[in-house]
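All remarks here apply to the structure that follows.
2 protein chains.
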Amino acid sequence: MRVLGVDPGLTRCGVAVVEGQPGRPCRLVHYEVVTSDPDMDLPLRLLGLDERLAEVMQEFRPEAVAVERVFSQHNVRTVMGTAQAGAVAILAAARAGLPVQLYTPSEVKAAISGNGNADKAQVTAMVTRLLRLEVAPRPADAADALALAICHVWRGGARERISAALRRAR
Amino acid sequence: MRVLGVDPGLTRCGVAVVEGQPGRPCRLVHYEVVTSDPDMDLPLRLLGLDERLAEVMQEFRPEAVAVERVFSQHNVRTVMGTAQAGAVAILAAARAGLPVQLYTPSEVKAAISGNGNADKAQVTAMVTRLLRLEVAPRPADAADALALAICHVWRGGARERISAALRRAR
């Protein structure tokens, strides 16, 4: 199963594609950080992210998308941008007909490290080891997106989502 | 100038189109409330809103879009859905190549009633009077979207935004 992970952010949005099977090591397909200039107008920032996500889905053909769930109580200063970027990612996936699953940061950390309170350095180290990379992903923002994608592969969530979508379509 | 106003909400999103000139009465073109079922999956809810907004823009051909600015400090319980619906509206406008302007609720209230603290009933009454409607808009959720659109016509904001977009494109 090939999964696109998105760690939403308006200024820096982590995007990663991995491939694998539940319970087995994953293979890195792609990662990047989509950035936008905070001085740019919001519509153009959202449009830039939308267009890049559509290109990534077009190029790497994921079968499912995992997006970090944004909570309103965290980091009030940036939460609106994060929520907006998350909505763009969820919508882009829905428009491409892909099943979307949201995960909280602690679900992702627990899935890949066994510890829902793992810190950023631990997540980066686990991602590097799990994907058998020679060096840690750079920029570090990409590590959370990679962790999301691995989490979704291992949770096998896409199957449930596809089944649910089929049930709804019937 | 024909303006689409959007009062973002995930469960109920006010959508309105009015036409007019700064300083003159506006004419009602269209209004509706786009609803989605809170029990539905978020991707499908965002997709439904996106598709309906695209249809409205296609059908009524606004030249600019005014969206209510969402603040993280207001109504924490629903703010995430509001932010996500707002992002969908802003992105839909940007994808259609339309200039987007964000207004705070008090800017809108001040523009149409002279009072930035006007309550919902006052806004509805002003909108009804300004558009010379025989009855108040129903459902009431549409009144804020109508107020946004009128505010944008009167502020003549679209011209500035088009100029700014042209400056950026050069």
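Heads up: the protein sequence lines correspond to chains A and B, in order.
Read in order, the letters of the first sequence are residues 28 to 197 in my numbering.
Read in order, the letters of the second sequence are residues 28 to 197 in my numbering.
By construction, the Cβ of each residue, glycine as well, lies at the ideal position given by its N, Cα and C atoms.
Where residue 41 of chain A is concerned, the enclosing beta strand (DSSP E) starts and stops at 39–46. The beta carbon of residue 59 of chain B lies closer than 6 Å to those of 42 in the same chain, with the five residues before and after it left out. For residue 160 of chain B and residue 33 of chain B, the gap between their C-alpha atoms comes out near 20 Å.
Scanning B/28, B/120, B/158 and B/72 for the CA closest to the CA of residue 85 of chain B turns up B/120.
Around the C-beta of residue 164 of chain B, 16 or more other C-beta atoms lie within 10 Å, and the residue is accordingly described as buried.
Within chain B, 70 have C-beta atoms less than 7 Å from the C-beta of residue 120 of chain A, given in sequence order. The beta-bridge partner set that DSSP reports for residue 62 of chain A consists of A/39. Straight across, the Cα-Cα distance linking residue 168 of chain A with residue 150 of chain A is about 11 Å.
Excluding five sequence positions before and after residue 172 of chain A, the CB atoms of its chain that fall closer than 7 Å to its own CB belong to 32, 33, 34, 41, 42, 43 and 58, given in chain order.
Judged by DSSP secondary structure, residue 29 of chain A falls outside any alpha helix (DSSP H) and instead within the beta strand (DSSP E) spanning 29–34. The beta carbon of residue 96 of chain B sits closer than 7 Å to the beta carbons of 129, 130 and 131 from its chain, once the five residues preceding and following it are set aside; these are given in chain order. Taking 4 residues as the shortest admissible run, the stretch 129–166 of chain A contains the following complete alpha helix (DSSP H) segments, listed from N- to C-terminal end: 132–140 and 147–157. Contacts with chain A at 8 Å (Cβ-Cβ) include residue 107 of chain B. Under DSSP, residue 192 of chain A forms no beta bridge with any residue. Counted as a single uninterrupted DSSP element, the stretch harbouring residue 95 of chain B is not any alpha helix (DSSP H) but the beta strand (DSSP E) occupying residues 91–95.
Residue 67 of chain A: not part of any alpha helix (DSSP H); DSSP gives it neither H nor E. Cβ-Cβ distances below 7 Å link residue 110 of chain A to 97 in the same chain, with the five nearest sequence neighbours on each side left out; the list follows chain order. Using beta-carbon distances, residue 74 of chain B counts as an interface residue toward chain A, with a partner under 8 Å.
Under the Cβ distance rule, residue 42 of chain A does not count among the residues neighbouring chain B, no pair being separated by less than 8 Å. The three-state reading of DSSP puts residue 173 of chain B in helix, counting H, G and I together. Looking only at B/87, B/156, B/180 and B/117, the smallest Cα-Cα distance to residue 135 of chain B is reached by B/180.
By the CB criterion at 8 Å, residue 177 of chain B and residue 162 of chain B fall outside the cutoff. Contact with chain A is absent for residue 177 of chain B, since none of that chain's Cβ atoms lies less than 8 Å from the residue's Cβ. Below 8 Å, too few C-beta pairs join the stretch 73–80 of chain B and the stretch 73–87 of chain A to call them touching: fewer than three. Each of B/152, B/174, B/107 and B/105 was checked against the Cα of residue 92 of chain B, and the nearest Cα belongs to B/174. In terms of Cβ geometry, residue 79 of chain B and residue 56 of chain B do not form a close pair [threshold 8 Å]. Distances from the CA of residue 94 of chain B to each of A/69, A/166, A/36 and A/82 were compared; the closest alpha carbon is that of A/69.
Rounded to the nearest angstrom, the gap between the Cα atoms of residue 54 of chain B and residue 107 of chain B is 33 Å. Ranked by how close their Cα comes to the Cα of residue 66 of chain A, the residues A/127, A/141, A/37 and A/49 have A/37 in first place. Chain B places a beta carbon closer than 8 Å to that of residue 117 of chain A, counting this residue as a contact.
Among the bridge pairs identified by DSSP, residue 57 of chain B is matched with B/44.
Taking residue 77 of chain B as the centre and dropping the five residues before and after it, the same chain places the C-beta of 115 and 119 closer than 7 Å to its C-beta, in chain order. Secondary-structure assignment with DSSP links residue 127 of chain B through a beta bridge to B/92.
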